[in-house]
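Novice: Chains as they are written, first to last, in our numbering: chain A, 1 to 114; chain B, 115 to 228.
Sharing a structure below in structure tokens format, with a few things to ask.
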């Protein structure tokens, strides 16, 4: 069974600085998708960024980028120029190519300090 | 704004009561999911549906039941609520062939059973 591990329960960063959230996963699959979701306090969880495992190029969405290391089964999220609105729980998720069984990590609570 | 709606947002109810958590989406998505989310824990899939009249249990054993009579509606029912059911319940959906683009989540229902 696939598992997703987020080893940092809580992190904080100063506004305008850069922070990296870690995620590792365990799978025997070769093709799959990886996601980072953001859940602001008392608000809807939204997709931040996704990565296709068969693409070597790291995904980027504005201030958000990933460092995907397939051999190491690592998928970290980098947030540049952190903003107060980035304060949220961040969940890493894994989904095999041929089914919709999405697995989530336990989350990292990120606080951006002014 | 959310295209998937959950009601109520918060519910406090006594032990033994029957409750139904509502989830509706306006996107025409065929696949819908219910997750249970506890603080510091990964999201656990408790039910999913691939379309009308299709319902399956997820990994996490749950005493709840679901139904899918209409594409847009996926309610979750607890026949007899217990304090162990206290949790946040998240509903999500994905389009045909589009789960690899991520799920759309509702804002959740935070249930407290006293």
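For every residue, glycine included, the Cβ atom is placed at its ideal position computed from N, Cα and C.
Looking at chain A, which residues of the region 201-217 of chain B have a Cβ within less than 9 Å of any of its Cβ atoms?
Specialist: Residues passing the 9 Å Cβ filter: 204, 206, 208, 213, 214, 215, 216, 217.
Novice: DSSP puts residue 112/A in a beta bridge; with which residues?
Specialist: For residue 112/A, which the question treats as bridged, DSSP gives the partners 13/A.
Novice: Along the beta strand (DSSP E) that carries residue 118/B, what are the first and last residues, could you check?
Specialist: Element bounds for residue 118/B: 118-121.
Novice: Put residue 85/A into one of helix, strand or coil per three-state DSSP.
Specialist: Correct three-state label for residue 85/A: helix.
Novice: Assuming contact is defined by CB atoms lying nearer than 8 Å, are residue 182/B and residue 163/B in contact in what I supplied?
Specialist: Yes, Cβ-Cβ distance for residue 182/B and residue 163/B is below 8 Å.
Novice: For residue 224/B and residue 43/A, I'd like the C-alpha separation in whole angstroms.
Specialist: So the alpha carbons of these two residues sit roughly 12 Å apart.
Novice: Using a C-beta cutoff of 8 Å, does residue 105/A count as contacting chain B?
Specialist: Yes, because at least one Cβ of chain B sits closer than 8 Å to the Cβ of residue 105/A.
Novice: Taking the DSSP output, what are the residues bridged to residue 259/B?
Specialist: There is simply no residue 259/B to check, as chain B begins at 115 and stops at 228 in what is shown.
Novice: Are the C-beta atoms of residue 198/B and some chain A residue less than 8 Å apart?
Specialist: It does not: the Cβ of residue 198/B has no partner Cβ on chain A nearer than 8 Å.
Novice: Return the first residue and the last residue of the beta strand (DSSP E) that residue 174/B is part of.
Specialist: Element bounds for residue 174/B: n/a, residue is neither H nor E.
Novice: Which residues, in chain order, does the region 31-45 of chain A contribute to contact with chain B at a C-beta distance below 7 Å?
Specialist: Cβ contacts with chain B come from 33, 35, 43, 44, 45.
Novice: Over the uninterrupted beta strand (DSSP E) stretch that includes residue 183/B, give me the two end residues.
Specialist: Per DSSP, residue 183/B belongs to no beta strand (DSSP E) and is neither H nor E.
Novice: Check each residue of the region 135-150 of chain B: if its Cβ is closer than 7 Å to any Cβ of chain A, include it; give the result in chain order.
Specialist: Flagged, chain order: 145.
Novice: Give a yes or no on whether 8 Å exceeds the smallest Cβ distance from residue 156/B to chain A.
Specialist: True, the Cβ-Cβ gap to chain A drops below 8 Å.
Novice: Cβ closer than 7 Å: which chain B residues qualify as neighbours of residue 129/A?
Specialist: This structure gives no information on residue 129/A, because the portion of chain A shown stretches from 1 to 114.
Novice: So, is the C-beta of residue 110/A closer than 8 Å to a C-beta in chain B?
Specialist: It does not; no Cβ of chain B falls within 8 Å.
Novice: Whole angstroms are fine: how far does the CA of residue 52/A sit from the CA of residue 96/A?
Specialist: Taking the straight line joining both Cα atoms gives about 10 Å.
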